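UniProt numbering puts the sequence shown at residues 1 to 67. Using N, Cα and C, we set each Cβ at its ideal position, and we do this for glycine too. Remember, predicted model here, so these are calculated numbers, not experimental data. Beneath this line is the structure, given in structure tokens, with notes to follow.
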Amino acid sequence: MSEQNETELFHQNKKEAENGNKAAMYWWAECYDYGEGTEKNLEKAFYWYQKAAENGNEDAMNMLANG
């Protein structure tokens, strides 16, 4: 995937994550965690992993538990 496509996908998923979509929250956390489509930001990654976990995303729960 090109960097431009990653950036576009990142912004498209923003509203989904903000509206409670736990898969989008997890995806957004990974974007921040790995710097895909945006600059790497571990504080924001942690925030979105927490939000996804609070909404029942098991991958986010595992990420938080195992670091």
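Taking the alpha carbon of residue i as the point to measure from, which residue in the options has its own alpha carbon closest?
| i | options | result |
| --- | --- | --- |
| Asn55 | Lys22, Ala17 and Gln4 | Lys22 |
| Asp33 | Leu42, Trp27, Ala52 and Tyr47 | Leu42 |
| residue 72 | Gly35, Gly37 and Trp28 | Outside the modelled stretch of the chain, which goes from 1 to 67, sits residue 72, for which no answer is possible. |
| His11 | Asn66, Gly67, Ala52 and Thr38 | Thr38 |
| Ala17 | Cys31, Leu64 and Ala65 | Cys31 |
| Thr7 | Lys40, Gly67, Glu36 and Ala65 | Glu36 |
On the premise that residue j lies in contact with residue i, defined as a C-beta separation below 8 Å, what is that separation, rounded to the nearest angstrom?
| i | j | result |
| --- | --- | --- |
| Met25 | Ala45 | With a Cβ gap of about 11 Å, Met25 and Ala45 do not count as contacting. |
Ranges of the alpha helix (DSSP H) found wholly within the segment 27-67, counting only runs of at least 4: 42-54 and 58-66
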